[in-house]
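Student: Heads up: the sequence shown begins at 1 in UniProt numbering, then just goes up one per residue.
The C-beta atom is built at its ideal place from N, Cα and C for all residues, glycine as well.
These figures come from a predicted structure and were not determined experimentally.
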Amino acid sequence: MKDDQRIEDVYVHIMEDLKSFIDKEDLPESFVKLFNKFIDRKLVKSIFMPIIYGKTQMSTAEDIKMALKPYFYPAFKESFLLASPCFKFWREYYTEMENLIRLIRLVGWFASTCESSVHYVTPFFCTSQNYMVKDSHIIWVYDKVNRKKRKVTLRLSSRDKRDRKKTEVSTFVNFIHQKDALIAMGVISKLYEVNEPIYTVHENFISNPLVSVHLPYIYLEVLRELGPPLRFINSFIYENLVRLAKDRGDDKEILGLEEKRFTEMVLTEDLIDQLFACILPETIKMDKEKLKVWRANISRFKTFYFGYTRFVCGEDPSSGSKDMKWNDHVIKWEKFSSRLNGQYCLHH
1 MKDDQRIEDV YVHIMEDLKS FIDKEDLPES FVKLFNKFID RKLVKSIFMP IIYGKTQMST
61 AEDIKMALKP YFYPAFKESF LLASPCFKFW REYYTEMENL IRLIRLVGWF ASTCESSVHY
121 VTPFFCTSQN YMVKDSHIIW VYDKVNRKKR KVTLRLSSRD KRDRKKTEVS TFVNFIHQKD
181 ALIAMGVISK LYEVNEPIYT VHENFISNPL VSVHLPYIYL EVLRELGPPL RFINSFIYEN
241 LVRLAKDRGD DKEILGLEEK RFTEMVLTED LIDQLFACIL PETIKMDKEK LKVWRANISR
301 FKTFYFGYTR FVCGEDPSSG SKDMKWNDHV IKWEKFSSRL NGQYCLHH
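1. Under 8 Å between the Cβ atoms of L340 and R224?
2. Nearest to N297 by CA position, among R310, L280, R159, is which residue?
3. Under three-state DSSP, which class holds Q129?
4. Please tell me whether R231 and E193 are closer than 8 Å, where the distance is taken between their beta carbons.
5. Among L220, E29, L103, which residue has its Cα nearest to the Cα of I272?
6. Please return the same chain residues whose Cβ sits closer than 6 Å to the Cβ of R150, not counting the five positions on each side in sequence.
7. Measure the CB-CB distance between E96 and Y308 and report whether it falls below 8 Å.
8. Using a threshold of 8 Å, state whether the C-beta atoms of E25 and V121 are closer than that.
9. By how many angstroms is the C-alpha of V44 removed from the C-alpha of D17?
10. Can you grab the Cα-Cα spacing for the pair K55 / R91, in whole Å?
11. Specify the secondary structure class of T263 as computed by DSSP and reduced to three states.
12. Taking all protein chains shown into account, decide if Q178 is buried (16 or more other Cβ within 10 angstroms of its Cβ) or exposed.
13. Nearest CA to the CA of Q57: which residue from D40, K88, K37, F31?
14. Could you give the uninterrupted runs of the alpha helix (DSSP H) lying entirely in the region 167-234, keeping only those of 4 residues or more?
15. According to the Cβ coordinates, are T127 and I138 closer than 8 Å?
16. Is A277 buried or exposed, if buried means 16 or more other CB atoms sit within 10 Å of its CB?
17. DSSP three-state call for T56: helix, strand or coil?
18. Should T60 go down as buried or exposed, given a rule of 16 or more other Cβ atoms within 10 Å for buried?
19. Compare the beta carbon distance of L244 and S79 with 8 Å and say whether it is the shorter of the two.
20. How about S112: is its Cβ closer than 7 Å to a heavy atom in the ligand GTP?
21. On a CA-only basis, which of L220, K166, S212, Y94 is nearest E118? Give me that one, please.
22. Three-state secondary structure (DSSP) at R147?
23. Can you name the start and end residues of the alpha helix (DSSP H) that Y121 belongs to?
24. Taking the beta carbon of M15 as the centre, do at least 16 other beta carbons fall within 10 Å, making it buried, or is it exposed?
25. Please go through the same chain and pick out, in chain order, the residues whose beta-carbon is closer than 6 Å to the beta-carbon of W333, but skip the five residues on each side of it.
26. According to DSSP, is Y94 helix, strand or coil?
27. Y199 and I206 - do their beta-carbons sit closer together than 8 Å?
28. Take G320 and list the residues in its own chain whose beta-carbon comes closer than 7 Å to its own, dropping the five residues that flank it on each side.
29. Got a sec? Which residues, its chain only, sit under 8 Å from P85 by beta carbon, not counting five neighbours each side?
30. In the DSSP output, what is D63 paired with across the bridge?
What follows is the structure in structure tokens.
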């Protein structure tokens with residue numbers, strides 16, 4: 001929201017920041033002017049919304065090329081040059097969001113590497129993500145029209161090879177989708193309790209005029225009841241990584257942490273190291289190259305986790321400190337949630 005309490009469209013906000021950012025980049029001036037002239041909300045949304053789906057710089061360049069085609073015809077090389085600062089802009093302006101996306105994805109990667117499904121748990125339902133590598137199978141079919149045999153290749157899911165790359169990219173998408181579903185079901189539950197009609201598609205709610213006027217307040221009430229967002233992150237780590245450690249029973253310090261205590265704390269570096277030491281598969285331990293990747297991803301995990309927690313705990317992210325407290329996060333959450341009011345709906 002703006003200072004005058006008007007709602008500001010998030011993509012319009014991103015668009016204005018992006019224009020300023022690109023103006024400062026080392027790009028041909030004439031091309032930048034054309035880009036700033038013709039860029040619109042639709043193009044900005046097509047660039048940044050799919051980031052959670054693992055959108056690449058190459059596909060973004062193609063989107064930019066097609067979007068600007070009605071006005072002038074940029075070469076793919078020029079479009080790629082524009083896509084690059086778009087991704088740089090996202091990393092620099094929305095570092096905390098980038099940390100969150102990559103953190104959740106890594107949880108999926110570690111779970112898949114440990115030969116486990118990715119689990120999403122809510123008070124209403126639990127879902128399991130288990131992507132497998134597609135194997136090629138060749139079959140022969142008879143073409144009655146041309147009266148000859150044809151070779152057809154079918155791609156079927158493997159029974160024992162997990163697709164780590166697809167799992168990693170998809171984990172954050174499914175994490176967000178389930179959170180959306182949780183919020184929607186929370187709104188429906190509250191209206192069900194008072195026997196009021198409600199129809200929903202994703203998070204678009206339709207009811208009669210008497211109820212509709214109260215929907216924004218109910219929606220925001222459900223958001224406030226979700227509690228501090230770090231609880232969601234820690235809970236997801238617990239369900240997918242700590243449970244693996246518990247199943248092995250190797251580390252008493254991790255096994256001694258109950259779920260409620262684990263989800264309501266800022267994880268320490270020592271605890272994270274102990275956790276990954278517990279779940280390290282023997283197949284990874286015996287392979288130097290795979291072990292190198294495993295350790296690199298642990299380092300990335302800590303970078304993203306502490307980068308995110310520094311932000312949500314209220315500490316200056318540039319300080320580099322890892323001495324963050326759960327109570328600081330709760331205070332910051334309460335300050336934010338107290339501003340959730342009015343005739344609008346807002347995600348946290």
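Tutor: Looking at the coordinates:
1. Position 340 of the sequence shown, counting from 1, holds the residue named residue 340. Position 224 of the sequence shown, counting from 1, holds the residue named residue 224. Between L340 and R224, the gap from beta carbon to beta carbon is short of 8 Å.
2. Working through the sequence shown from its first residue, we reach residue 297 at position 297. Of the candidates R310, L280, R159, the one whose C-alpha sits nearest the C-alpha of N297 is L280.
3. Residue numbering aside, residue 129 sits at position 129 when the sequence shown is read from its first letter. Judged by DSSP in its simplified three-state form, Q129 adopts strand.
4. Within the sequence shown, numbered from 1, the residue matching residue 231 stands at position 231. Within the sequence shown, numbered from 1, the residue matching residue 193 stands at position 193. Judged by their CB atoms, R231 and E193 are not nearer to each other than the 8 Å cut-off.
5. As a first step, residue 272 must be located in the sequence shown, where it is residue number 272. Considering only alpha carbons, the answer is L103.
6. In the sequence shown, counting from the first residue as 1, residue 150 sits at position 150. The beta carbon of R150 sits closer than 6 Å to those of V141, D143, all from its chain and outside the five residues before and after it, given in chain order.
7. What you label residue 96 is simply residue 96 of the sequence shown in a count that begins at 1. What you label residue 308 is simply residue 308 of the sequence shown in a count that begins at 1. The Cβ atoms of E96 and Y308 lie closer than 8 Å to each other.
8. The sequence position of residue 25 within the sequence shown is 25, counting from 1. The sequence position of residue 121 within the sequence shown is 121, counting from 1. Contact check for E25 against V121 fails: the beta carbons are separated by 8 Å or more.
9. Numbered from its first residue, the sequence shown carries residue 17 at position 17. Numbered from its first residue, the sequence shown carries residue 44 at position 44. C-alpha separation (whole angstroms): 11 Å.
10. Position 55 of the sequence shown, counting from 1, holds the residue named residue 55. Position 91 of the sequence shown, counting from 1, holds the residue named residue 91. Rounded to the nearest angstrom, the two C-alpha atoms are 14 Å apart.
11. As a working note, residue 263 is residue 263 in the sequence shown. In this structure, T263 counts as helix in the three-state DSSP scheme.
12. Here the question's residue 178 lines up with position 178 in the sequence shown. By the neighbour-count criterion, in which a residue is buried when 16 or more other Cβ atoms sit within 10 angstroms of its Cβ, Q178 is buried.
13. Locating residue 57 in the sequence shown gives position 57, counting from the first residue. The residue with the shortest Cα to Cα distance from Q57 is K88.
14. Runs found: 209-212, 215-226.
15. For the purposes of this step, residue 127 is taken as the residue at position 127 of the sequence shown. For the purposes of this step, residue 138 is taken as the residue at position 138 of the sequence shown. In this structure, the beta-carbon distance from T127 to I138 does not fall below 8 Å.
16. Mapped onto the sequence shown, residue 277 falls at position 277. A277 is exposed by the Cβ-count criterion.
17. Locating residue 56 in the sequence shown gives position 56, counting from the first residue. If DSSP states are grouped into helix, strand and coil, T56 belongs with coil.
18. For this step, residue 60 is matched to residue 60 along the sequence shown. Buried, by the Cβ-count rule.
19. Indexing the sequence shown from 1 puts residue 244 at position 244. Indexing the sequence shown from 1 puts residue 79 at position 79. No, the Cβ-Cβ distance between L244 and S79 is not below 8 Å.
20. The ligand GTP is not among the ligands present in this structure, which contains no ligands whatsoever.
21. To locate residue 118, count along the sequence shown from 1; it is residue 118. What sits at residue 118 in the sequence shown is Val, not Glu. Distance from the Cα of V118 is smallest, within the candidate group L220, K166, S212, Y94, for K166.
22. The sequence position of residue 147 within the sequence shown is 147, counting from 1. Shown here, R147 sits in coil according to DSSP, grouped into three states, outside any helix or strand.
23. The residue given as residue 121 occupies position 121 in the sequence shown. The sequence as given places Val at residue 121; Tyr does not occur at that position. Taken as a continuous stretch (DSSP letters only), V121 belongs to no alpha helix (DSSP H), being part of the beta strand (DSSP E) at 118-121.
24. By one-based count along the sequence shown, residue 15 stands at place 15. Burial of M15 is indicated by the presence of at least 16 other C-beta atoms within 10 angstroms of its C-beta.
25. Walking along the sequence shown from the start, residue 333 turns up at place 333. Correct list, in chain order: P228.
26. Translated into positions along the sequence shown, residue 94 becomes position 94. Correct three-state label for Y94: coil.
27. By 1-based counting over the sequence shown, the position of residue 206 is 206. By 1-based counting over the sequence shown, the position of residue 199 is 199. Cβ distance < 8 Å, so I206 and Y199 count as in contact.
28. The sequence position of residue 320 within the sequence shown is 320, counting from 1. The predicted position of G320 is uncertain, since its pLDDT is 48 and thus under 50; a value taken from the coordinates is nonetheless stated next. Here G320 has no same chain residue with a Cβ atom under 7 Å from its own Cβ, once five neighbours each way along the sequence are excluded.
29. Position 85 of the sequence shown holds residue 85. Setting aside the 5 residues that flank it on each side, P85 is surrounded in the same chain by F21, I22, E25, L27, each with a C-beta closer than 8 Å to its C-beta; the list follows chain order.
30. Here residue 63 refers to the residue found at position 63 of the sequence shown. In DSSP, D63 forms no bridge with anything.
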